[in-house]
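Written as structure tokens, this is what we have:
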């Protein structure tokens, strides 16, 4: 064994020690450790400047009376932007602040409604697309390429394209639906309070189903082929195979895709801002915050809304990290 | 169910998927080639071929400048984030140090940040640094979504490379920086192309920061320019022009995506489902 030991180059040992997580002993591993932090420093500095500090500042602004024209001189006001009781005397009084603002709760409701419905439709449709793309057929490469197109189109462009297609007088969507006989008169999709939210959901489903399909497809391709072989030999009906075998196996991939999309949907801004501007039926939390920050000159109030949205998303992210059980340790698992 | 019927059903589904994916963009191209009253007639097949909208959008106004702005911002963002990410990914994937897992977790958490949560703080910073109304504000701000993503994907890529490749270099006494540049970089082109392209698309498409940090028409990037394109009056939305501008900014993206589609799919899944 002695000569094997001697035959191992020192680097190998150093690397081995590192891999095992041992304390750095040699000069080499100390040098590597130093350079690790040197390599990480610029990236960490940029992230701290662009994410950490601004986040703390946003939270700070939400506790002040800052306005667009007076950011530096803002005074601390505690939680007043979130919750404030104004006493009128004689036992009369009124609650103010974000948590008592019906417009905020309307934005919360819109965002949740939009997220749940669009993610649900995208998951089902994405699963169907993925199953089709996983099958062997002529022209599969072409279909796979076609499916990527909506994903590649900028959200703003999608919103404009669909706004034109959904135009009440000259839109092709009304023309199609009337030709088939589903509707009898043109619908003002983006302007009508009854359909505005559905217009947003339709465009979102169109744009993000491909992404969903690709994530689910990656899961489907991990399912070993012999599972299907075995089921076929046993003469089990394909529908049963799907629900009893395929679905449980790709459940983790679907779950991760759903959480990813849900996080994305909860912070929706572009699509709603461009497709249905100034519409209370579709206003999302992000749009509410942006409007207060920069249009209504209620900078502190907008910051409070941003902070609450951040807390919601942080909570779901923690949940996601727990569910996905990410491999962060290194080569293990 | 008879086999023929099943087959027909399957191909009907395939046709539906293709039409669903392609039709809206096809219709945008169709519209962009119409002008005048032809715009207001619904056609399913191309009947007009009029380049007036393209001519209009490329010669009048500041749209060409907007395109240039978008190219500059996206290219610089990709270059900076790839450079920072390659060295960081080397440290995160090849060197074992205390707190590595926590660091990776933090980076992943930042990639989930809603942009709106940092908007107020970033706005104050941008104004304080005198970057308001400049492209620098966007280049800086876009790091928040390109950097975590590139670091994450490159780290998973580097982690899977065999340990032998750097041994020889270590024996020769090469410094870690030399190892990254001479040993890893040549092996990483596939991953760099994928992450670079995804970062480019993200920067090219970004809207909220571009809307907030720039208020000058000639400093805007294309998404904001398209969103704000308007006609002589509120009622007169120039659909032909908007569609022409949309097609111009989208065609290069679609071409890139189709060329690199396999790499993009693997990049998306690496960033999304690495469990």
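Chains as they are written, first to last, in our numbering: chain A, 1 to 333; chain B, 1001 to 1275.
Where is the CB? At the ideal position from N, CA and C, for every residue including glycine.
No experiment lies behind these values; they were computed from the predicted model shown.
Taking CB atoms only, residue 315(A) has no neighbour in chain B less than 8 Å away. The C-alpha of residue 305(A) lies about 37 Å from the C-alpha of residue 1091(B). Excluding its 5 nearest sequence neighbours in each direction, residue 127(A) has C-beta neighbours in its own chain below 6 Å: 216, listed in chain order. Residue 311(A) has its alpha-carbon roughly 9 Å from the corresponding atom of residue 1117(B).
Of the residues 293(A), 297(A), 33(A) and 39(A), the one whose Cα lies closest to the Cα of residue 1083(B) is 39(A). Distance from the Cα of residue 1006(B) is smallest, within the candidate group 142(A), 192(A), 104(A) and 238(A), for 238(A). With respect to the 8 Å criterion, residue 154(A) and residue 1204(B) are classified as neighbours on the basis of their beta carbons.
Nearest neighbour of residue 1256(B) by Cα position, chosen from 100(A), 79(A), 54(A) and 149(A), turns out to be 149(A). Residue 161(A) places its beta carbon less than 8 Å from that of residue 1024(B). Taking the Cβ atoms as the reference, residue 231(A) lies roughly 5 Å from residue 241(A), within the contact range of under 8 Å.
Among the CB atoms of chain B, one or more fall inside 8 Å of the CB of residue 274(A). The criterion of a C-beta distance shorter than 8 Å is satisfied by residue 98(A) and residue 81(A). Contact with chain B is found for residue 286(A), since one of that chain's Cβ atoms lies less than 8 Å from the residue's Cβ.
Your pair residue 268(A) and residue 1246(B) does not check out as a contact, with CB atoms roughly 20 Å apart and the cut at 8 Å. Assigned with DSSP and collapsed to three states, residue 58(A) falls in helix. For residue 122(A), the number of other beta carbons within 10 angstroms of its own is at least 16, and it is reported as buried.
Using a CB distance cut-off of 8 Å, residue 1042(B) counts as an interface residue toward chain A.
Against chain B, a Cβ distance below 7 Å from residue 129(A) picks out 1017. Its Cα nearest to that of residue 138(A), the residue 1011(B) stands out among 1080(B), 1267(B) and 1011(B). Scanning 116(A), 90(A) and 59(A) for the CA closest to the CA of residue 79(A) turns up 59(A). Distances from the alpha-carbon of residue 1047(B) to those of 1033(B), 1058(B), 1054(B) and 1060(B) put 1033(B) closest. With contacts defined as CB atoms closer than 8 Å, residue 314(A) and residue 119(A) fail to qualify as a contacting pair. A Cβ-Cβ distance of about 6 Å is found for the pair residue 1146(B) and residue 1202(B), placing them in contact under the 8 Å criterion. The C-alpha of residue 1181(B) is placed about 17 Å away from the C-alpha of residue 37(A). Residues of chain B whose Cβ lies closer than 9 Å to the Cβ of residue 290(A) are, in chain order, 1116, 1119, 1208, 1211 and 1212. Look at the region 165 to 181 of chain A: the residues with a C-beta under 7 Å from a C-beta of chain B are 165, 170, 172 and 175. The beta-carbon of residue 1139(B) is placed no less than 8 Å from the nearest beta-carbon of chain A.
Taken in chain order, the members of the region 1237 to 1255 of chain B whose beta-carbon sits within less than 8 Å of a beta-carbon on chain A are 1239, 1242, 1243, 1246, 1249, 1250, 1253 and 1254. Residue 86(A) is bridged by DSSP to 94(A). The beta-carbon of residue 161(A) is placed less than 8 Å from the nearest beta-carbon of chain B. Scanning chain A for C-beta atoms nearer than 7 Å to the C-beta of residue 1226(B) yields 156, 157 and 160, reported in chain order. Inside the region 148 to 208 of chain A, DSSP marks whole alpha helix (DSSP H) runs of 4 or more residues at positions 155 to 165 and 172 to 180, from first to last along the chain. A Cβ-Cβ distance of about 5 Å is found for the pair residue 173(A) and residue 165(A), placing them in contact under the 8 Å criterion.
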